[in-house]
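In what follows, a single structure is set out as C-alpha cells and then discussed.
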Amino acid sequence: MTLTTLITLARPKSSTDRRRSTLLVAAVAVAGVFLLAGQRIVRLGSPDSATYSSYLTEDGLRPGVVTAAVLLAAAACALAFQALRLGTAARDRRLAALRLAGATPSQVRLIGAAEAGLSGLFGGVLAGPLYFAVAAVVQSLPQVGRVLPAPAPGDLAAWPVLAVVLALVAASSGGLLRRQLSTEPKIEPDRRVWQGRYVTIGAVGTILVVLSLMPHSPVLIFVQAAGVLLAASGFAPVAVAAYGRRLERSGDPVRMLAGGRLLHTARSVGRMLALLVVCGGVVGAVLAMGLDHQLSERELTASGDFIYTGLGFVALLSLFAALAAGVAMLAGAADDLLDQRSQLAALNVFGMGAAQVLRSVRIQLTGPAAVAVGAGVLIGGGLVCFRQTRMDPATDTSSVMVFVVVAAGVVGVLAWLLAALASGVLSGQVRDAVDPANLRTT
Amino acid sequence: MATAELVLGLLSAGPAHGYDVKRGHDSWFPDSRPLAFGQVYATLGRLERDELVEVVDRASEGGPERTVYALTPKGREHLSRWLTEPVEPTPGGVDEMVRKVVATIRTGEDASAYLARQRATYLHRIRELKSPAPEDDSSSWLVRDYVALHLDADLRWLDRALDRITEQKETSR
Amino acid sequence: MTDAALEIQRVEYAYRRDVALRGVSLRVDPGEIVAVTGPSGCGKSTLLHCAAGILRPQAGTVALAGRNLAELSEAERTRVRRTQAGIVLQFGQLVPDLSLQDNVALPLLLEGHDAAAARRAALGWLERVGVAADNEALPRELSGGQNQRAAVARALVTGPAVVFADEPTGSLDSRAGEQMMELLVSSAGDGGAALVIVTHDNLVAAYADREVRLRDGVVQHEVRLS
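Protein chains in written order, with the numbering used here: chain V, 1 to 442; chain F, 1001 to 1173; chain A, 2001 to 2226.
Here it is, written out as C-alpha cells:
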C-alpha cells in the first residue's frame, strides 16, 4: 500500500468522522499544551520569586507542578483515546469491505494508525500556538496565579519534537483499536453471579470508610479514598442494573431501550460511574476544604491563595478525569449503536426513529452520570466536614455542609446538562445506525 | 418429441436442403443422438402435407436430397406459437423445454414471454405439490417433494439460460 | 383513494449514481400474496423498502392502505408505516436487550398503547407463532428459527394491511424455511394482511398468488400462479 493510498483511506469521510477527529485533535492539543508547560517548568533554572507563584519558585513544590502537568496531560490523552473509540457504522462497513477486498489485519491496523496519527500530528502542531497563548494569558495573572513561566526559545525546539511524539503515540493507539479487527460480541455472564460479587466489594469499601471515620482510628486519606472507590465500584454496577430493570418495565419504548442497554452493560457503565463518584468526591472535598479554610480563622503555614491554587489544580485534574470517564461512556454507547445497527434499522421501520434512539441514549447517560457526580460531591464534602469536626470539635461545619449539599445539586445538574449535550455528539452515529442500508446485514 | 418444431426452427433462417437440416440439428444438440436422415425426410414430408413447409426448388434429377424446403407463413406462425408455449410440468417435459430454449437462442426470438408463462406453469404446479393432499400417507409427500424440487431445478436452469441469452445479446450490440 | 392494500405507481429510485428502480408499478389487493423475484441487483429489495415507506422514491407514488405516503409529514408517514406495514427480514433483527415479548410489544408501545395490553397482545401472537414458552428469553438465547418466528409476530402485532418479507427464509435450512413460509402465509391470513415476499427462491415464490419479476429495475413480467 503506497503512502497516497494510505492517506486517501485514512482521511475522514463523513461529518461524523470529522467530529471524531476534531475531538481527537482537541484532546491531543490540550495534552500537548500541558506537556509543553511541564517541560518548560522542568527547564526553568532559578525563577524570580517576585514574578512567579511560590509553586514555581520553591524547589520542593516545582516537581509537584510538573507532576500535575503530566497527570493533566495523561487525562487529556485518556480523553483522546476514548474519542478514538467513537467509530461509526459507515467506518465499520468501510473497514469490513477493505478486509473482504483482501486487506490483511496489519493493513487495516495501518489505516487505523494513519487516521489517528494524522489527527495526533495536527493536534500536536496546534498545541504549540495554544501553549504560547496560554502562557501569555498566565503572565497577565496576579503573581499567585503565575504557575507557568514565560515561554523560552527552547520551547520552539520542543514543539515539533512533541508533535511527532504525539502523532506516533496516537498512531499506535489507533492501530491497536480492537474494533476494527473483530466485531465479535462479548459474552455476558449470569447477572446473579456478578451482582453478588460486586455487592461484596461495595460492602468491603463501605466498611473501610466507616472504619476510617471511627473516633480513634488514624485518618489515612488513602484508606478513605480507597474505601470510597471500592464502595462505588461495587455498588454502582448493581445500582445501574436495578435502574435498567426499572426502565425496562416502564412501558415507554424509549426508556425500555435505554433500560435494556443499561442492564446489559451495567458493569462497564458502573466502572465509569465509580470514577465519576471519585472525581465528584475530589471536587466536593476541594470545595469543602476551600470554604472551610475561608470561614475559619485558623493560623496557616502558607497564604490562602497558595492553597487555593493547589486545590484548583486538583479540582482541574478531577475535571479532566471525569471528562475522560464521560467520553468513555459516550464511546461505549457509540459502540453499542454500531453493534446493534441492524436491529435498530429494523426498529426504525416500526417507527422508532433516530430522534427516539438518541433520546434513549441520552437517558442512558444523563441520569446515571448526574447521580454519580452529585453523590460523589456529597460524599467528598461530607467526609472532609466529618474530618474537620473530628480534628477540631469546636468548629461548626454546618454551613460548609449546606454549601456541599447545594454544590452537589448544582454539579449534578451541570453534569446532567453536559451529558445531554454530549449525547448530542452521537447524533451522527445514531442516524448512521438506523439507516436502512443496515437492513442488509446481520 | 417436438422434432417437427425443431425442423421448423432450423428452416427459419432461410430455405435449406434436408441435409442442412440434419447438420443443423446435430450442431444444435451435439451431445444428443444425431438425427437420422430417414426421420428428417419423414418429418419434412409431414410438414409439407400440413402446409407448414413448402418446396421451393426441386432438383431436375435425383431424389429428395436435392430438394430445397422453406417455411410457409403458416409454418412461421406455428413455430412462434410453439416457442412461446410453456411446457407442462410432466416428467418428460424437461426435454422439450431444453429444445425450446435452444431453438429460441438459435432463431433469435425474444424469450421473455415464454419465460413468464413457463414460470407461471411450473410455480403453479409446485404450489399444488406443496399443499397437503387429503389422503396424505407416509410416503406420498416424498414423491411430491422430489417432483417439486426438480421443477425448481428446471426453473433455475431456465433463469440462468435466459440471463445468458440476454447478456449475449447485450454484448453483441 | 383505492381500496388496494398497496399501490405503487411508476416508482423510481436511485442510490447516488446507481439507478435501482426505473419506473415500477405494482398493486396488491387485501389478503393477496405476491412474490417479487428476480436476479440480484434487479431492485427487488429497493422496491420493498420503497413500498414499506422506508425509502422515499425520487419519482412515482406509494399508497399504503389508501394513504399516499408522499403527501404525509415525516411523523404521519412513520405512523402509517407502523400501523399498516409489518416487516420480516432475513435475520429477524430483534432488539438484543429485550425479551421476545417486549420485542413483539414494541410496535404497539410505539403507537402509544397501554403497556399491559400491548404485552398481552404480544403474548397472544407469540402463541400463534409457537414460541410463547420462550417469551421472557433474550433473542441471543434462542435459535434463528425461533427469532424469525418472533419477528413474524412482531410484524403482525399492529394488524397491518401488508406484511413485507425480505428473503425470510434466507438464513434457514430448507425444512425450517418451509415451516417459516407456512407460518408466514397462515398468520398473515389470520391477521387479514396481504403478503409481499421478496425472494430469489422459486420454492418460496410458489406460495404466492402472483409473481412479479424484476430485471434491471423494471418489471419483466407479472403472472398469476393460483
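Even glycine gets a Cβ: it sits at the ideal position worked out from N, Cα and C. Bear in mind the structure is a predicted one, so any value in this text is a computation, not a measurement.
Indicate whether at least one CB of chain A lies closer than 8 Å to the CB of residue i.
i	result
P436(V)	yes
D1137(F)	no
R1164(F)	no
A1116(F)	yes
R1144(F)	no
E1170(F)	no
M256(V)	yes
R1058(F)	no
R1000(F)	Since the first and last residues shown for chain F are 1001 and 1173, residue 1000(F) lies out of range.
Could you tell me if residue i is buried or exposed, where buried requires 16 or more neighbouring beta carbons within 10 angstroms of its beta carbon?
i	result
D2166(A)	buried
E1170(F)	exposed
Q364(V)	buried
Q143(V)	exposed
T200(V)	exposed
G1108(F)	exposed
L118(V)	buried
M214(V)	exposed
S233(V)	buried
T2199(A)	buried
P368(V)	buried
Y2013(A)	buried
S1032(F)	exposed
Determine the direct distance from the alpha carbon of residue j to that of residue i, and round the result to whole angstroms.
i	j	result
A236(V)	A437(V)	37 Å
L2214(A)	G2023(A)	11 Å
K1130(F)	R18(V)	55 Å
V254(V)	R359(V)	7 Å
A203(V)	A231(V)	6 Å
P2168(A)	R1119(F)	21 Å
V1056(F)	V1068(F)	6 Å
G112(V)	A324(V)	21 Å
A1975(A)	L338(V)	Absent from the structure is residue 1975(A), since the part of chain A shown begins at 2001 and ends at 2226.
L247(V)	T395(V)	44 Å
S106(V)	Y2207(A)	48 Å
A157(V)	R40(V)	11 Å
D2018(A)	R249(V)	45 Å
R1076(F)	V2218(A)	30 Å
L23(V)	S46(V)	38 Å
A68(V)	L317(V)	8 Å
V70(V)	A225(V)	22 Å
W1157(F)	S1112(F)	15 Å
A10(V)	R99(V)	15 Å
Output, in chain order, the set of chain F residues within a Cβ distance shorter than 9 Å of residue i.
i	result
N2068(A)	Here the premise fails: no neighbours, minimum Cβ distance about 30 Å.
Is there a Cβ from chain V that is less than 8 Å from the Cβ of residue i?
i	result
T2078(A)	yes
H2200(A)	no
A2115(A)	yes
D2102(A)	yes
I want to check one thing, is the minimum distance from the CB of residue i to the heavy atoms of the ligand GTP below 7 Å?
i	result
A29(V)	With respect to the ligand GTP, the structure shown offers nothing to examine, as it has no ligands at all.
Starting from the beta carbon of residue i, find every residue of chain A whose beta carbon is closer than 7 Å, and list them in chain order.
i	result
H264(V)	D2097
H1124(F)	L2225
P253(V)	L2106, L2109, L2110
Beta-carbon of residue i versus every beta-carbon of chain F: anything under 8 Å?
i	result
Q2179(A)	no
E2211(A)	yes
H2221(A)	yes
A2165(A)	no
A2176(A)	no
A2206(A)	yes
If the cut is a Cβ gap below 8 Å, which residues of chain V does residue i touch?
i	result
R2082(A)	F350, G351
P2107(A)	F350, G351
L2089(A)	A346, L439
Closer than 7 Å by beta-carbon distance: list the chain V residues that pair up with residue i, in chain order.
i	result
V2093(A)	A small fix is needed here, since residue 2093(A) is Gln in this sequence, not Val. Within 7 Å Cβ-Cβ: S342, Q343, A346.
A2052(A)	V349
So residue i contacts chain F; which residues on that side make the cut at Cβ distance below 8 Å?
i	result
L2203(A)	I1126, K1130, A1148, L1149, D1152
P2039(A)	D1159, D1163
A2133(A)	The premise fails here: A2133(A) is roughly 26 Å from chain F at the closest Cβ pair, so nothing lies under 8 Å.
So residue i contacts chain A; which residues on that side make the cut at Cβ distance below 8 Å?
i	result
R261(V)	D2097
Could you tell me which chain A residues have their CB closer than 9 Å to the CB of residue i, listed as they occur along the chain?
i	result
R960(F)	With chain F represented from 1001 up to 1173, any question about residue 960(F) goes unanswered, as that position is not in the structure.
For a contact meaning CB atoms closer than 9 Å, what does residue i contact in chain V?
i	result
L2055(A)	P436
What are the residues in the region 1096-1113 of chain F lying within 7 Å of chain A by C-beta distance? S1112
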